[in-house]
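Just below is one structure, and these are the notes that go with it.
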Amino acid sequence: MTTIRGAYPVLITPMTEAQEIDWGGVKNNVNYFVDQGVSGLVINGSTGEFVSLSKEEKFQMVETVLKEVNGRIPVIVGTAAETTKETIEYTKQAEAHGAAGALIINPYYMKPKENEIYYHFKEVSDAVNIPIMLYNNPFTSGVNMSTELMLQIGRECKNVTHIKESSGEIGKVRDLARQGKGDFEVFCGAEELVMESYFVGATGWISVAGNIVPKLVTDMYNHFQNGEIEKAWEINDRILPLCSFLEGSGKYVQIVKRAMDLQGLAGGPARYPRLGLSQEEEQKLKELLASLETIKN
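Its first residue numbered 1, the sequence shown is counted upward by one per residue in our numbering.
Encoded structure:
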């Protein structure tokens with residue numbers, strides 16, 4: 001089984017101006033991230049607009065990316081859906097194409113009760129043979145899973161090996177990492193609390209900012225692992241304004257896509273009804289990129 005640790009950019013889905021997927025751009029971006037030395041990649045996640053993609057597009061994204069990566073780094077596939085049956089179908093397809101794991105948030109419209117969330121993950125876990133990263137994000141799903149529920153799922157669902165904690169509650173990261181040790185590992189999902197999460201036991205980061213500064217997020221993780229704490233904090237402080245902009249804007253998808261365009265990579269528009277950046281947002285992004293020296297001339 002592939003070891004899943006480190007900073008994993010959660011990739012955008014590049015689009016043409018006609019709002020169709022730019023498949024050539026997908027491949028080019030993937031190779032760029034591999035060349036930057038990232039620990040792994042996540043596709044079909046929130047930043048990848050998975051709720052705006054058709055079933056066929058999600059399947060093709062898995063096939064395209066896994067073929068292009070060709071085993072060079074681990075790829076985690078977002079396989080969440082509103083029903084357990086669909087989630088199993090997406091997860092089996094990811095497994096069949098060689099994904100290292102599946103990232104799964106709870107059903108995000110129905111606001112399920114805790115016993116329903118447990119049932120959902122237990123059924124998916126029993127149906128596949130691939131590591132599952134449970135994803136707690138109350139801001140998008142409307143449900144903030146309790147620490148007790150996540151511990152139970154991590155202990156009793158054999159294929160749940162990781163938890164992505166995005167509630168912004170650092171105490172939850174701490175308690176999950178300490179009490180779940182030996183049963184699962186915890187990844188940070190809050191862009192502004194990465195170093196804090198590493199200190200309390202997180203072993204990785206599913207990173208939106210990693211689209212824009214992949215080498216920096218990778219170096220930050222590596223410095224921390226090597227005990228070079230001051231160097232890790234220096235990078236954290238350098239990228240924190242970008243992370244705060246992403247977290248607080250309500251337009252993290254559009255910000256990342258525009259940043260990719262400005263860096264000479266494949267971004268394009270977000271799918272409607274998401275609209276582009278305002279002039280003020282565009283200017284702020286350019287200032288942040290200039291401070292990070294990432295704009296391609």
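Backbone N, C-alpha and C fix where the C-beta goes; we use that ideal spot for every residue, glycine too.
Source: prediction; values computed, not measured.
Nearest-angstrom beta carbon gap, residue j and residue i [assumed within contact, 8 Å]
i      : j      : result
Met260 : Gly267 : 3 Å
Val26  : Thr64  : 6 Å
His223 : Ile4   : Their Cβ separation, rounded to whole angstroms, is 20 Å, which puts His223 and Ile4 out of contact at 8 Å.
Gln93  : Phe121 : Going by Cβ atoms, the distance from Gln93 to Phe121 rounds to 18 Å, so no, they are not a contact pair.
Leu324 : Thr147 : Nothing about residue 324 can be read from this structure; the chain reaches only from 1 to 297.
Gly201 : Lys164 : About 14 Å separates the two Cβ atoms, so there is no contact after all.
Ile117 : Thr79  : Not really, about 16 Å apart at Cβ, beyond 8 Å.
Ala209 : Cys157 : The Cβ separation is near 30 Å, so there is no contact.
Val124 : Thr84  : 7 Å
Ile132 : Val160 : 5 Å
Leu246 : Ile255 : 6 Å
Val62  : Val10  : Going by Cβ atoms, the distance from Val62 to Val10 rounds to 15 Å, so no, they are not a contact pair.
Residue i (DSSP reduced to helix, strand or coil)
i      : result
Gly154 : helix
Ile212 : coil
Glu165 : strand
Ala177 : helix
Gly24  : helix
Met220 : helix
Val34  : helix
Asn297 : For Asn297, the predicted structure reports a pLDDT of 43, less than 50, and the residue's modelled location is therefore unreliable. A value from the coordinates is still provided. Note: Asn297 maps to coil in three-state DSSP.
Ala80  : coil
Leu289 : helix
Lys284 : helix
His47  : Inspection of the sequence shows that residue 47 is occupied by Thr rather than by His. DSSP places Thr47 in coil when its eight states are reduced to three.
Ala127 : helix
Tyr119 : helix
Tyr252 : helix
Glu228 : coil
Pro107 : coil
Gly276 : coil
Ala338 : Residue 338 is absent from the model: the chain starts at 1 and stops at 297.
Thr2   : coil
Gly182 : coil
Arg238 : helix
Gly268 : coil
Lys85  : helix
Val65  : helix
Gly142 : coil
Ser197 : helix
Asn29  : helix
Leu246 : helix
Ser53  : Before going further, note that residue 53 is Leu rather than Ser in the sequence given. It is coil, neither helix nor strand.
Lys113 : coil
Beta bridge counterpart(s) of residue i as assigned by DSSP
i      : result
Lys92  : The partner list for Lys92 (beta bridge, DSSP) is empty, contrary to what the question assumes.
Val160 : Ile132
Trp205 : Ala7, Cys188
Met15  : Ile21
Val75  : Leu41
Ala102 : Val77, Ile132
Min CB distance residue i to chain B below 8 Å
i     : result
Asn70 : Going by chain labels, chain B is absent from the structure shown, which holds only one protein chain.
Segment contact flag, the region 31-45 with the region 113-132, C-beta cutoff 8 Å, min 3 pairs: no
Stretch pair the region 97-117 + the region 70-81: three plus CB contacts closer than 8 Å: Verdict: yes, contact present.
Inter-stretch contact (C-beta, 8 Å, three-pair minimum) for the region 9-20 and the region 170-182: At 8 Å Cβ cutoff, the stretches do not touch.
Touch test, the region 212-229 against the region 48-55, Cβ-Cβ under 8 Å, three pairs minimum: no
Three or more C-beta pairs below 8 Å linking the region 112-119 and the region 131-151: yes
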